[in-house]
Amino acid sequence: MPELTIITLNRREHSVLSHLWKFFPFEAELQYHYLYPGKEDEDIISLRPNFHPVAFSGKLEEVIEAMANYLKEKNLSYLCFSSLETQTVWSRFFQNNAETIYTSPDLFLADISALPSNSPEKLETLSDLVKRDIAVLFSEAGTFILPENATIYPDFNSFTRTMSHEILLTKNRDLVSAVCKANVRHYFVLHQTDDNIALNLSLDTDNPDFGYVFTNLNLAAKWIREGINSVLQEKNKGYLPYSVFAYYYDVYMSHVNYDDWIDAMCKWYNQLKTKPLRKILELACGTANASALLTARGFEVDACDASPYMLQVADSKPVKPNLYQAYLTDSIPKKDYDLIFCIFDSINYLLHPEEISTVLHNVYEALAPQGVFIFDISTLLNSMVNFYDNTNYLKVHDAYIIQRSNYNSFANHQLTHIIIFRKHLHSYELFEEQHTQRVYYTPELIKLCNSSKLKLKAIYSPEKRSNLLEKNVDKLDNNFFRLFFVLQKE
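Per this note's numbering: the sequence shown = residues 8 to 497.
Encoded structure:
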């Protein structure tokens, strides 16, 4: 099985990373080794069977030597350093001459200050690695032997204006610091030595960006599976749903009265005359606002979400449920829940009816006898009125958010494009996310519910108190913006 090793030499970095590991979606087909300084961290010892954290104590030199021996004993070659600082310390200890490569959609730049001047073969190796021709600035052209196809530019601005398919080589550390290190989150960073290639998470302990580190860790896994060039191509793509947007989700949803939603669910639960409510699970919990309120009311609450970014936000709150990372269709590890709920149209993110059937089966297995499952959907009316050719704009403390929505009536898909301009230093970072939801018709969902082992007891809307299951269900999708389905395990 492929193996990835993450190395940190800084205890502050370990403190940040140990928090990150709690919700990281470890790939099942990959072994993760995490080497860190200090005492054994009990919080991360048993997170996953394929996650192997190893602590190394002693002086820095002793720690590095012991880590190197561990790598040799385990025959580990795929390395990922936690930060530029950690990689620099590691490289100096072993006196490795590493070229550091910064890549972004706009710029490929290599810091080759550690290379000797007469190393044309090293330059060609670097060019082959990133599949780009070499470019240098005129002021440095005489400092090393260049291949024949290298391009010389008068200055840095001339190079950036051309937007050419080249990598700029430089020994100018001031240029590297000003362009790359000052805005390292904009780049994917890798290091090339005589022996191997290593990646860098570029962790900043003063201002940790979990989303950026999560993305780089996922890219590291992709590197092992598919090679470095697939990573360089992937870096230019958009972000997954609820990644960067997760950090603004609570502001975006500030109009929602979560207490009202919880009161309604508790009322529907009690109407079924089942046992007193005690043990609850929320699926697709997001930032866990609903679960946090239930926890504050004294219930025993678990909550899961597919997005580690959302879970990081949820975990930062003073009152929170027991959180874990899981996809909506994953089996549910615990059993005997009195209530399981999935709200805020999370079910609409399941684009295939079979996925809903999977959820219904897993919920049935996890509920206690007489337990209740409540989920909601965004209806056709909601898509046509609020999301058909619609654009919204929101200004938050450090960003501008634009939401562009449309409804594809042929596929019954609601498409939402979220654009985020986040302020960083004296400029803005651009992030984009694509969200696709399927609009299900009520008769279709009733059929899926009736095909499961759960018993559909009621359908409610925020506007009506009565049970809509007793009405003409064919008209519900055109009369209500949101519907709640209440099912029970009999």
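Glycine included, C-beta positions come from ideal geometry on N, C-alpha and C.
Since we're looking at a predicted model, the values are computed, not measured.
Next on the checklist: Report the start-end ranges of each beta strand (DSSP E) in the region 75–129 that is 3 residues or longer and not cut off at the edges.
Outcome noted: 86–88, 106–110, 115–118
Next on the checklist: Taking the alpha carbon of asparagine 103 as the reference point, which residue from Pro123, Ser89, Val137 has its own alpha carbon closest?
Outcome noted: Pro123
Next on the checklist: Quick check: the Cα distance between alanine 310 and lysine 341, rounded to an integer number of angstroms?
Outcome noted: Per the coordinates, the alpha-carbon of alanine 310 lies some 11 Å from the alpha-carbon of lysine 341.
Checklist entry - Who are the Cβ neighbours of serine 432 in its own chain at under 8 Å, not counting the five residues just before and after it? => result The displayed chain sequence assigns leucine, not serine, to residue 432. Correct list, in chain order: Ala189, Asn190.
Next on the checklist: Between the alpha carbons of tyrosine 435 and phenylalanine 163, how many angstroms are there, rounded?
Outcome noted: 21 Å
Next on the checklist: My output table needs one value for threonine 386: the three-state DSSP class, helix, strand or coil.
Outcome noted: coil
Item to check | Contained alpha helix (DSSP H) runs [length at least 4] in the region 248–332, N- to C-terminal order | outcome: 256–259, 265–278, 296–303, 315–322
Checklist entry - Under the DSSP definition of a beta bridge, which residues are partnered with aspartate 140? => result Glu173
Checklist entry - Closest by CA to proline 127, which one among Arg489, Ala121, Phe151? => result Phe151
Next on the checklist: Can you look up lysine 430 in the DSSP assignment and give me helix, strand or coil?
Outcome noted: In the three-state reduction of the DSSP assignment, lysine 430 falls in the strand class.
Checklist entry - So who's on the other strand from tyrosine 395, going by DSSP bridges? => result BP columns for tyrosine 395 are empty, so no partner.
Next on the checklist: Looking at the strands, I want to know which residues DSSP matches up with glutamine 421.
Outcome noted: Bridge pairing for glutamine 421: Tyr414, Gln444 [DSSP].
Checklist entry - Taking the C-alpha atoms as reference points, what is the distance between isoleucine 108 and phenylalanine 221? => result In a straight line, the C-alpha of isoleucine 108 is about 20 Å away from that of phenylalanine 221.
Checklist entry - Which two residues bound the contiguous alpha helix (DSSP H) that contains alanine 227? => result 217–233
Item to check | Beta-ladder partner(s) of tyrosine 400, from DSSP | outcome: Ile409
Checklist entry - Does the beta-carbon distance from lysine 462 to glutamate 497 come in below 7 Å? => result yes
Item to check | Beta carbon of threonine 15 nearer than 7 Å to that of histidine 21 | outcome: yes
Checklist entry - From what residue to what residue does the alpha helix (DSSP H) around asparagine 485 run? => result Annotation: the continuous alpha helix (DSSP H) that includes asparagine 485 extends over 483–486.
Checklist entry - CA-CA distance, leucine 176 and tyrosine 395? => result 48 Å
Next on the checklist: For phenylalanine 115 and proline 154, I'd like the C-alpha separation in whole angstroms.
Outcome noted: So the alpha carbons of these two residues sit roughly 18 Å apart.
Checklist entry - Does the region 224–243 come within contact of the region 31–42, defined as at least 3 CB pairs closer than 8 Å? => result yes
Checklist entry - Going along the chain, which residues of its own chain have a beta-carbon closer than 6 Å to the beta-carbon of glycine 218, five neighbours each way excluded? => result Excluding sequence positions up to five before and after glycine 218, its CB lies within less than 6 Å of the CB of Ser250, Val251, Tyr316, all in the same chain and listed in chain order.
Next on the checklist: Taking only three categories from DSSP, how would you classify serine 468?
Outcome noted: strand
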